[in-house]
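Asker: Just dropping this structure here.
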Amino acid sequence: MVDLSVRIGSLTLANPVMPASGTFGPELSQVFDLDALGALVTKSVTPEFRAGNPLPRLCETEAGVLNSIGIPGKGLDHFIGQAMPEWRRFRAPLVVSLSAPTVASFAECAARLAATPGVAAIEANISCPNLEEDGRAFAMHPEPAAAATAAMRRAVGGLPLWVKLSPNTGDIAAVARAVAAEGADALVVANTILGLAIDIETARPKLGSGMGGFSGPAFKPIALRLVWQVAQAVRIPVIGVGGIATAEDAVEFLMAGATAVQVGTASFVSPTAMLQVIDGLRAYCARKGIARVGALTGAALPTALPAAAE
Ligand SMILES: Cc1cc2nc3c(=O)[nH]c(=O)nc-3n(C[C@H](O)[C@H](O)[C@H](O)COP(=O)(O)O)c2cc1C
């Protein structure tokens, strides 16, 4: 018997596998039992209605996907009133991804989510433009990332607060340290990396908004490196995401310092990819004589991880 459970701060997950925000919805319950997952993660919810970016919003590349979805959605009132009842049908802990344009708005929305029954954690997607400052993503620099985290920490009390970092920064370890210092319970590493594809017949970018976020298999070594750097910079748990499609990929992320993993683009190829990752993790641990999947966390790091390995 392998113990697949992991702890992310005060939250215990039955296993370390969950979906990546924006690549998953409750409709997947028609394909498999969502309660088999360690947690459920919503697409990012925004304060107000958003139409999203111009079409086309998705573009396949050789070994990954570019997207510029632009977080379309009906806003927080609709999420709490209409979407939450549907999410509450499941037993797996629900992580609500939140995106907002200002520090105050992040805090206000986080407080409302913290007061909503059935929300197990907030995952703050800070890869969105900071409209009060220069319009650059909060996650690009330590100061705005820390300011958003501090405001949300005050707003949500003891509710677990995860902060999702961006690869589009020069020094992710500095951003990670700043966010951890303001009381984040875990870091999700990472969001998509900026990329571009051009249609050479029209001489236009293939995506309606020009640049997009790159994800999928070719992103994996970059995301793995980011997890490795962040895990050595902070003592809070890291959740690894980027190009994970198989249990072997997940083991690499755990060994690089992650306590849990998220699967995104791979679910578009195979909607049951997450189940295969869970089964494969169990089989890997059994084959290696590992009793607890948590023992893999940080196994490949130069020094053992004390607190984050729990
Ligand atoms: C179509 C699409 C939509 C996404 N939407 C969101 C989102 O709403 N919020 C968010 O934090 N990340 C979003 N992401 C990023 C993913 O959660 C994940 O960080 C990224 O895709 C890397 O993982 P992957 O290579 O397994 O897909 C989206 C990714 C894709 C491909």
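Under the working numbering, read the sequence shown as residues 1119 to 1428, first letter to last. Backbone N, C-alpha and C fix where the C-beta goes; we use that ideal spot for every residue, glycine too.
Using a Cβ-Cβ cut-off of 6 Å (strictly less than) and excluding sequence neighbours within five positions of alanine 1336, which residues of its own chain qualify?
Answerer: By one-based count along the sequence shown, residue 1336 stands at place 218. So the qualifying residues of the chain are Ala1181 and Gly1182.
Asker: Spell out the partners DSSP gives threonine 1390 in its beta bridges.
Answerer: For the purposes of this step, residue 1390 is taken as residue 272 along the sequence shown, with counting starting at 1. Partner residues in a beta bridge of threonine 1390, as assigned by DSSP, do not exist.
Asker: Exposed or buried, what is glutamate 1428 when buried is set at 16 or more other beta-carbons lying within 10 Å of its beta-carbon?
Answerer: As a position in the sequence shown, residue 1428 is number 310, starting the count at 1. Legend: pLDDT at glutamate 1428 = 41, less than 50; position of this residue unreliable, no value from coordinates given.
Asker: When the Cα atoms are used, what is the spatial distance from arginine 1175 to proline 1323?
Answerer: Indexing the sequence shown from 1 puts residue 1175 at position 57. Indexing the sequence shown from 1 puts residue 1323 at position 205. If you take the alpha carbons of arginine 1175 and proline 1323, they lie about 11 Å apart.
Asker: For valine 1381, is the beta carbon positioned less than 8 Å from some heavy atom of ligand 1?
Answerer: Start at 1 with the first residue of the sequence shown, and residue 1381 comes out as number 263. Because some heavy atom of ligand 1 lies under 8 Å away, the Cβ of valine 1381 counts as near it: yes.
Asker: Using 8 Å as the cut-off, classify the Cβ of leucine 1176 as near or not near the heavy atoms of ligand 1, replying yes or no.
Answerer: Locating residue 1176 in the sequence shown gives position 58, where the first residue counts as 1. Yes, the Cβ of leucine 1176 comes within 8 Å of a heavy atom of ligand 1.
Asker: Quick check: what's the CA-CA separation for alanine 1315 versus alanine 1391?
Answerer: Counting from one through the sequence shown, the residue named residue 1315 turns up at place 197. Counting from one through the sequence shown, the residue named residue 1391 turns up at place 273. Whole-angstrom Cα-Cα distance: 27 Å.
Asker: Determine, using beta-carbon pairs with one atom in the region 1257-1271 and one in the region 1217-1228, whether at least three such pairs fall under 8 Å.
Answerer: Because the criterion of three Cβ pairs below 8 Å is met, the region 1257-1271 and the region 1217-1228 touch.
Asker: Quick check: the Cα distance between glycine 1288 and alanine 1257, rounded to an integer number of angstroms?
Answerer: Within the sequence shown, residue 1288 is the residue found at index 170, counting from 1. Within the sequence shown, residue 1257 is the residue found at index 139, counting from 1. Going by the C-alpha atoms only, they are around 11 Å apart.
Asker: What are the complete alpha helix (DSSP H) segments, minimum 4 residues, inside the region 1201-1259?
Answerer: List check, alpha helix (DSSP H) in window: 1202-1205 and 1221-1232.
Asker: Who are the Cβ neighbours of leucine 1249 in its own chain at under 7 Å, not counting the five residues just before and after it?
Answerer: Reading the sequence shown from its first residue, position 131 is the one you call residue 1249. Counting only Cβ-Cβ distances below 7 Å, and skipping sequence neighbours, we find Pro1219 and Thr1220.
Asker: May I ask you to report which of helix, strand or coil DSSP gives glycine 1301?
Answerer: Translated into positions along the sequence shown, residue 1301 becomes position 183. Coil, per DSSP.
Asker: For valine 1120, verify whether its CB is less than 8 Å away from any heavy atom of ligand 1.
Answerer: Along the sequence shown, one-based indexing puts residue 1120 at 2. Not one heavy atom of ligand 1 lies closer than 8 Å to the C-beta of valine 1120.
Asker: Closer than 8 Å: is that where the CB of phenylalanine 1256 sits relative to any heavy atom of ligand 1?
Answerer: Counting from one through the sequence shown, the residue named residue 1256 turns up at place 138. In terms of side-chain proximity, the C-beta atom of phenylalanine 1256 is found no nearer than 8 Å to any non-hydrogen atom of ligand 1.
Asker: So, with DSSP's three-state summary, where would you put phenylalanine 1142?
Answerer: Locating residue 1142 in the sequence shown gives position 24, where the first residue counts as 1. It is coil, neither helix nor strand.
Asker: In whole angstroms, what separates the C-alpha of glutamate 1178 from that of arginine 1254?
Answerer: Within the sequence shown, the letter at position 60 stands for residue 1178. Within the sequence shown, the letter at position 136 stands for residue 1254. Approximately 26 Å between the Cα atoms of the pair.
Asker: If you check the beta carbons only, do leucine 1283 and alanine 1308 fall under 9 Å apart?
Answerer: Here residue 1283 corresponds to residue number 165 of the sequence shown, with the count starting at 1. Here residue 1308 corresponds to residue number 190 of the sequence shown, with the count starting at 1. Yes.
Asker: Out of Arg1343, Gly1334, Ile1340 and Leu1312, which one is the CA nearest neighbour of glycine 1328?
Answerer: For the purposes of this step, residue 1328 is taken as residue 210 along the sequence shown, with counting starting at 1. Across the set Arg1343, Gly1334, Ile1340 and Leu1312, the C-alpha of Leu1312 shows the shortest separation from the C-alpha of glycine 1328.
Asker: Residues bridged to glutamine 1380 by DSSP?
Answerer: By one-based count along the sequence shown, residue 1380 stands at place 262. The bridge partners DSSP lists for glutamine 1380 are Met1136 and Val1359.
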